[in-house]
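Everything below concerns the one structure shown next.
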Ligand code: ADP
Ligand code: MG
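Put into structure tokens, the structure is as follows:
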């Protein structure tokens, strides 16, 4: 077991940010910690990285107690904080070298993490010159420096543009093949894109803990499509196996199909036959979507 949390409560003054929560994460799993803003995600992560202490309860990371074996916990985890503070005036290598010294990590490891995180083409630049996506890679490289078994990533994809998003998701998935990854997000699609399992937190309490594969067994799917022009809902209802159509904004529609067969090609053909252009086409996990809505509304 890589992470074990038992009855953790955290009070900030009168406010209960975490209310007796328990869960565990197996090694080499990518687990998404999903919840709306203010749910308690960052608080839980700061406790697991020993930045703050819980008010009550126990937790272990890689078998080490967060209270009794702080040093061992710190050696076991790589942490990417939510608003990752970076020294914008430093060059990428200077920054990593500084932290390598702090962690007592050999110089060789710096080049290894630069390569691992795809930073090589930008590694000669000042951190301030990098795009948000590359800054995030610096944060990940830094978290990987001491070769920890467990990575705790707080909203690693928030604020990235669509291209950067895809790159960082892939990078996290690659890292997740070898390490345990516990990542937080308030965006459901991020869980679908990266995780094996989801733990949903709302108002400081765990409200669901599911493997994505189990959720995919549902009988429905949602296709989100953006056309270049307005389409009547009744028109879209003519698609095969369609259950409902919702116009979510402008020319974007959420079409629910009562089948698990991938219906995107039907939507494609429909657009073609009706001389519409598709600007975006995505599939959503209907079960995860309804679960999240139901549990956090
Ligand atoms: P999330 O990361 O899910 O958005 P947080 O863990 O940051 O949630 O916050 C959970 C709750 O605790 C929020 O209501 C937040 O305002 C409160 N909170 C977080 N940190 C502090 C703090 N240092 N002092 C007081 N309240 C805090
Ligand atoms: Mg947070």
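Residue numbers (the numbering used here): 57 to 353. Beta carbons are placed, not taken as given, at the ideal position from N, Cα and C, and that holds for glycine.
{"Check": "Any residue whose CB is nearer than 5 Å to a heavy atom belonging to ligand 1, listed in chain order", "Outcome": "68, 73, 93, 94, 95, 96, 97, 98, 99"}
{"Check": "Best match in 65, 77, 102, 94 for proximity to residue 209 [C-alpha to C-alpha]", "Outcome": "102"}
{"Check": "The region 107-123 in contact with the region 252-263 per 3-pair CB rule at 8 Å", "Outcome": "no"}
{"Check": "Cross-strand partners of residue 300 (DSSP beta bridge)", "Outcome": "312"}
{"Check": "Residue 105 versus residue 157 - alpha carbon distance", "Outcome": "20 Å"}
{"Check": "Collapsed DSSP secondary structure at residue 263 in the structure displayed", "Outcome": "strand"}
{"Check": "Cβ-heavy atom distance, residue 211 to ligand 2, below 8 Å", "Outcome": "yes"}
{"Check": "Residue environment, residue 204, which counts as buried when at least 16 other CB atoms sit within 10 Å", "Outcome": "buried"}
{"Check": "Rounded straight-line distance, which links the Cα of residue 162 to that of residue 191", "Outcome": "22 Å"}
{"Check": "Beta-carbon spacing of residue 166, residue 112 below 9 Å", "Outcome": "no"}
{"Check": "Whole-angstrom C-beta distance between residue 313 and residue 333, which should lie under 8 Å", "Outcome": "21 Å between Cβ atoms; not a contact."}
{"Check": "Helix, strand or coil at residue 305 according to DSSP, with G and I counted as helix", "Outcome": "strand"}
{"Check": "DSSP state of residue 256 mapped onto helix, strand, coil", "Outcome": "strand"}
{"Check": "Proximity test, residue 138 beta-carbon vs ligand 2 heavy atom, cut-off 8 Å", "Outcome": "yes"}
{"Check": "Bounding residues of the beta strand (DSSP E) (the contiguous stretch that carries residue 159)", "Outcome": "Unbroken run through residue 159 is the alpha helix (DSSP H), 148-159; no beta strand (DSSP E)."}
{"Check": "Cβ-based burial, residue 215 [other Cβ within 10 Å; buried from 16]", "Outcome": "exposed"}
{"Check": "Closer than 8 Å: residue 314 CB and nearest ligand 2 heavy atom", "Outcome": "no"}
{"Check": "For residue 217 and residue 266, the rounded distance between their alpha carbons", "Outcome": "28 Å"}
{"Check": "Cβ shell of residue 304 (< 8 Å), same chain only, five flanking positions each side left out", "Outcome": "280, 310"}
{"Check": "C-beta contact flag for residue 246 and residue 88 at 9 Å", "Outcome": "yes"}
{"Check": "heavy atom of ligand 2 below 8 Å from residue 346 C-beta", "Outcome": "no"}
{"Check": "9 Å Cβ cutoff met for residue 194 and residue 222", "Outcome": "no"}
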